Amino acid sequence: MNLKTYNKIRLGIVFVTAFMFSQSIILHNFFIPIMVLGLSFLVLFYLRKQVVEVISDERDYQIGGKSALLAIQLTSWIAVIIMFVLYALSDKNPFYQPIAMTLAFSVCVLMFVYSIIFKYYSKHSFKDEKRN
Amino acid sequence: MKNEIKKFRTKIGLTQEGLADKVGVRRETIVFLEQGKYNPSLKLALNIAKELKTPINELFFLS
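Right, here's the structure in full:
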């Protein structure tokens with residue numbers, strides 16, 4: 664299988680997954696998305712193994728690393744700003760406080776997980792033999 | 006960092022796709038390398054030099 668066919672199938676699977684998600688919300692059946700996600704993962708994993716061309720290389724990983732870092736920073740800043748706004752408005756609506764708390768803890772967990780992974784990779788040798 | 010990948014690649018009649026396959030990267034990476042928009046890892050630089058049968062210092066140099 665070549666890369667173009669793989670990308671077409673992947674796009675199709677994304678559409679089907681999105682459709683099934685919307686149907687599960689309408690039908691109030693939350694078992695469907697779990698099944699669909701698991702099945703999609705397995706199908707994509709199998710198809711990825713069938714592709715003979717290089718799907719991603721060191722440049723993609725480098726871009727991915729930078730994008731992930733920027734995404735974490737942006738998400739954290741946005742979450743913190745929203746959290747402060749919600750705290751400020753919690754006098755008017757008490758329901759804002761648990762949302763603000765959830766956001767605050769989410770950012771803390773994100774930073775904590777990021778720190779652990781960063782420490783792990785900075786301590787252990789980072790060999791990318793599997794990638795090439 | 007500058008490089009002479011295109012010069013040495015065309016010299017031996019290798020396409021971008023062919024070189025990409027030989028060194029295990031995507032064709033786009035070779036395009037960006039030749040345009041000087043991407044600095045390769047040492048491993049990739051050594052692999053390219055090996056495939057183009059050129060010493061690495063002739064292929065890559067500081068501008």
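Listed in order, the protein sequences are those of chains A and B.
To convert, note that position 38 of the first sequence is 701 in this note's numbering; the numbers rise steadily by one, no gaps.
To convert, note that position 54 of the second sequence is 59 in this note's numbering; the numbers rise steadily by one, no gaps.
Glycine included, each C-beta is placed from N, C-alpha and C at the ideal position.
The structure displayed is predicted, hence computed values, not measured ones.
Short Cβ contact (9 Å threshold) for residue i with residue j
i	j	result
A:Ile-735	A:Tyr-777	yes
A:Met-746	A:Val-770	yes
B:Thr-34	A:Arg-711	no
B:Phe-65	B:Ala-50	yes
B:Met-6	B:Gly-41	yes
N- and C-terminal bounds of the alpha helix (DSSP H) containing residue i
i	result
A:Asn-692	Run containing A:Asn-692: none; DSSP gives neither H nor E here.
A:Phe-781	759 to 786
A:Val-748	721 to 752
B:Thr-15	10 to 16
A:Lys-718	Residue 718 of chain A is actually Ile in this sequence, not Lys. Counting along the chain, A:Ile-718 falls outside any alpha helix (DSSP H), and DSSP gives it neither H nor E.
B:Asn-62	61 to 64
B:Val-28	21 to 28
A:Val-714	Unbroken run through A:Val-714: none, as it is neither H nor E.
B:Arg-32	32 to 39
Nearest residue (CA-CA) to residue i, options the options
i	options	result
B:Arg-32	A:His-787, A:Thr-738, A:Ser-719, A:Ala-731	A:Ser-719
B:Val-36	B:Phe-66, B:Ser-68, B:Leu-67, B:Glu-9	B:Glu-9
A:Phe-684	A:Lys-671, A:Asn-670, A:Arg-673, A:Val-699	A:Val-699
B:Lys-27	B:Ser-68, B:Asn-52, B:Phe-66, B:Leu-67	B:Asn-52
A:Asn-665	A:Gln-713, A:Gly-701, A:Ser-703	A:Gln-713
A:Thr-680	A:Val-717, A:Phe-708, A:Ile-697	A:Ile-697
A:Ser-739	A:Ile-689, A:Ala-767, A:Ile-695, A:Ile-688	A:Ala-767
A:Ser-703	A:Ile-762, A:Arg-673, A:Thr-765, A:Ala-763	A:Arg-673
A:Leu-732	A:Phe-682, A:Met-774, A:Leu-705, A:Ala-751	A:Met-774
A:Ile-726	B:Pro-45, B:Glu-63, B:Asn-62, B:Thr-59	B:Pro-45
Interface flag, residue i vs chain C, CB-CB below 9 Å
i	result
B:Ala-54	Annotation note: the requested chain C is absent from the structure, which comprises protein chains A and B.
Residue i - partner residues in DSSP beta bridges
i	result
B:Lys-7	B:Phe-66
Fill in: Residues of the stretch 691 to 718 of chain A whose Cβ lies closer than 7 Å to any Cβ of chain B, in chain order
Val-717
Item to complete: With 7 Å as the limit, tell me which residues of the stretch 717 to 742 of chain A have their beta carbon closer than that to any beta carbon of chain B; keep them in chain order.
Response: Val-717, Asp-720, Glu-721, Arg-722
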